[in-house]
Amino acid sequence: MPSFRVETPQRCYSIVVERGAIARAAAHVPEKAGKVFVVSTEDVWRHQGARLGQALAARAHEVLFLPGGEDRKRLGPVETLAEEMVMRGGDRSSLVIAYGGGIVSDMGGFLAAIFMRGIPVIQVPTTLLAQVDASIGGKTGVNLQCGKNLIGSFHQPIAVLIDPAVLETLPEREYRAGLYEILKAGIIREPELFRYLSEESAAVLARQPAALERIIADSVRMKAEVVSSDEREGDLRRILNFGHTFGHALEAETGYTRFLHGEAVAWGMRAAIYLGEMSGHVSAEDAVDMLELIRLYGPIPPVTGISAEHLLRRLVHDKKTVQGRVHFVLPVRIGEVTVVAGIEERLVMEAIRSALQ
Ligand SMILES: NC(=O)c1ccc[n+]([C@@H]2O[C@H](COP(=O)([O-])OP(=O)(O)OC[C@H]3O[C@@H](n4cnc5c(N)ncnc54)[C@H](O)[C@@H]3O)[C@@H](O)[C@H]2O)c1
Ligand SMILES: [Zn+2]
Numbered sequence: 002m003p004s005f006r007v008e009t010p011q012r013c014y015s016i017v018v019e020r021g022a023i024a025r026a027a028a029h030v031p032e033k034a035g036k037v038f039v040v041s042t043e044d045v046w047r048h049q050g051a052r053l054g055q056a057l058a059a060r061a062h063e064v065l066f067l068p069g070g071e072d073r074k075r076l077g078p079v080e081t082l083a084e085e086m087v088m089r090g091g092d093r094s095s096l097v098i099a100y101g102g103g104i105v106s107d108m109g110g111f112l113a114a115i116f117m118r119g120i121p122v123i124q125v126p127t128t129l130l131a132q133v134d135a136s137i138g139g140k141t142g143v144n145l146q147c148g149k150n151l152i153g154s155f156h157q158p159i160a161v162l163i164d165p166a167v168l169e170t171l172p173e174r175e176y177r178a179g180l181y182e183i184l185k186a187g188i189i190r191e192p193e194l195f196r197y198l199s200e201e202s203a204a205v206l207a208r209q210p211a212a213l214e215r216i217i218a219d220s221v222r223m224k225a226e227v228v229s230s231d232e233r234e235g236d237l238r239r240i241l242n243f244g245h246t247f248g249h250a251l252e253a254e255t256g257y258t259r260f261l262h263g264e265a266v267a268w269g270m271r272a273a274i275y276l277g278e279m280s281g282h283v284s285a286e287d288a289v290d291m292l293e294l295i296r297l298y299g300p301i302p303p304v305t306g307i308s309a310e311h312l313l314r315r316l317v318h319d320k321k322t323v324q325g326r327v328h329f330v331l332p333v334r335i336g337e338v339t340v341v342a343g344i345e346e347r348l349v350m351e352a353i354r355s356a357l358q
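Those letters in the sequence shown? Residues 2 to 358, per our numbering, in order.
1. If we ignore side chains and look at the alpha-carbon of each, how far apart do Leu237 and Phe243 end up?
2. Report, in whole angstroms, the separation of the C-beta atoms of Gly148 and Phe111, which I expect to be a contact under 8 Å.
3. If we count the other Cβ atoms within 10 Å of its Cβ and call it buried at 16 or more, is Ala253 buried or exposed?
4. Does the beta carbon of Ser106 fall short of 7 Å from some heavy atom of ligand 1?
5. Ligand 1 and Glu200: does the residue's C-beta get closer than 7 Å to at least one heavy atom of that ligand?
6. How close, in whole Å, do the beta carbons of Ser136 and Ser106 come, if the pair is a contact with beta carbons under 8 Å?
7. Taking 7 Å as the line, does the beta carbon of Ala99 fall inside it for any heavy atom of ligand 1?
8. Should Ala178 be counted as a contact of ligand 1 given a C-beta to heavy atom distance under 7 Å?
9. Measure the C-alpha to C-alpha separation of Pro68 and Val45 and round it to an integer number of angstroms.
10. Is Phe260 helix, strand or coil by DSSP?
11. Given the structure, does Glu214 come close to ligand 2, in the sense that its CB is under 7 Å from one of the ligand's heavy atoms?
12. Please tell me whether Leu180 and Leu129 are closer than 8 Å, where the distance is taken between their beta carbons.
13. Okay, do the segment 75-85 and the segment 52-60 touch, 3+ Cβ pairs below 8 Å being the bar?
14. Quick check: is any heavy atom of ligand 1 less than 7 Å from the C-beta of Gly1?
15. For a test of the three-state rule: what should DSSP assign to Glu8, helix, strand or coil?
16. Starting from the Cα of Leu292, find the closest Cα among Pro303, Val349, Tyr275 and Glu264 and give me that residue.
17. Suppose the cutoff is 7 Å on Cβ atoms and the five residues either side in sequence are ignored; what does the same chain contact list for Val97 look like?
18. Going by the C-beta, is Glu182 closer than 7 Å to any heavy atom of ligand 2?
19. Does any heavy atom of ligand 1 sit closer than 7 Å to the C-beta of Thr9?
20. Which of helix, strand or coil does DSSP assign to Val39?
21. Do three or more CB pairs link the segment 301-318 to the segment 184-201 at distances below 8 Å?
22. Can you tell me whether Pro332 is helix, strand or coil according to DSSP?
23. Taking the C-alpha atoms as reference points, what is the distance between Arg47 and Asp231?
24. Does at least one heavy atom of ligand 1 sit under 7 Å from the Cβ of Pro172?
25. Looking at ligand 1, does it come within less than 7 Å of Thr447, judged from the CB to the closest heavy atom?
26. Return yes when at least one heavy atom of ligand 1 lies under 7 Å from the C-beta of Asp72, else no.
27. Cα-Cα, which of Ala34, His249, Ala288 and Gln11 is closest to Glu71?
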């Protein structure tokens, strides 16, 4: 199975995508590293702790738990864990292994970014979403009361170990939520992946190993390429936000509880596709194919009772708003998107209404 390189000014590292990658985790811990802290949640540990525990059996390590849940992805638990690390002898030579879903990737990565002004982190993602997205690219952070991921830091890992075998215990809804980020990869940059997802939905939904490994590897390669050519949020990296401007508004509007991140992104992609069509960026034919692909992997939980006006107002507060102008990532054709600012509010409103239907 493949291994991909990420090369950024901050650091160069490998992403291994392989069944059994976790069993070889100890080999990725540098010899000179001090205390190893595995950061996870109790839920992840109950399902998959043995796998990493066995892999690290010969290497002294401690397991620390973060609370799970988007509403607990806050600064407080990060501070608590940092205190705990100091109490257990953590210092500048310590290393964090972030073992869990995207919440652990973000919080564990952020903890490593700020502990003693920065210690190395190895990302070992256990949800599909974290494997293809959250664990790659070095973005780490936590939420504020008033918005998602508003405190954070770029902190590239020293390695990312992606083991599709951990997905065996992932609940169906979480699995689908991760698939939406893979659909995103197909729409924005990978026409071959798009075609595969359209033709092989049964194998993908059944988590057949070959299908799973193929779609993970394609998505990881895409994200590694984008991040390598644009570590911070320049125009290229911005394409990864496809569906996210709308999606974040939906998550915020519903208090981060009603939709999983990937589900909100799926809805947001629908809105972006409608907007792309209404503003003349994408043909009706391609738009239909994209909407159909999202439908194939649905249904997205219903969006009943959500006000289009409220969502529009939220968009203006998204942190990707640059000087009051909302940037939208809009489809051009299958495998290509463009970043556009200054779209008429009337069209945005219409797109939201269409996506909500
Ligand atoms: N930093 C980034 O670039 C980036 C990108 C995308 C998303 N994110 C963040 O990721 C977060 C969402 O991540 P997520 O969807 O992975 O959610 P999550 O971390 O909450 O995990 C989802 C659920 O699955 C459980 N779980 C995890 N692995 C499991 C396994 N192998 N078997 C059984 N259960 C398992 C968890 O306990 C949790 O209940 C959001 O906070 C989002 O902002 C960050
Ligand atoms: Zn996302």
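Glycine included, each C-beta is placed from N, C-alpha and C at the ideal position.
With the structure as the only source:
1. 11 Å
2. Actually they are not in contact, since the Cβ atoms of Gly148 and Phe111 sit about 16 Å apart, beyond 8 Å.
3. buried
4. Answer for Ser106: yes, Cβ within range of ligand 1.
5. no
6. 5 Å
7. no
8. yes
9. The straight-line gap from Cα to Cα measures roughly 11 Å.
10. coil
11. With a cutoff of 7 Å, Glu214 does not count as near ligand 2, since its C-beta is closer than that to no heavy atom of the ligand.
12. yes
13. no
14. One cannot answer for residue 1 here, as it falls past the ends of the chain, which runs 2 to 358.
15. For Glu8, the secondary structure class from DSSP, reduced to helix, strand or coil, is strand.
16. Tyr275
17. Phe38, Val40, Gly109, Leu112, Ala113, Ile120 and Val122
18. In this structure, the C-beta of Glu182 approaches ligand 2 to less than 7 Å from one of its heavy atoms.
19. no
20. Three-state DSSP puts Val39 in a strand.
21. no
22. It is a strand residue.
23. 37 Å
24. yes
25. Within the shown structure, residues of the chain are numbered from 2 to 358, placing residue 447 beyond reach of any answer.
26. No, ligand 1 has no heavy atom inside 7 Å of this Cβ.
27. His249
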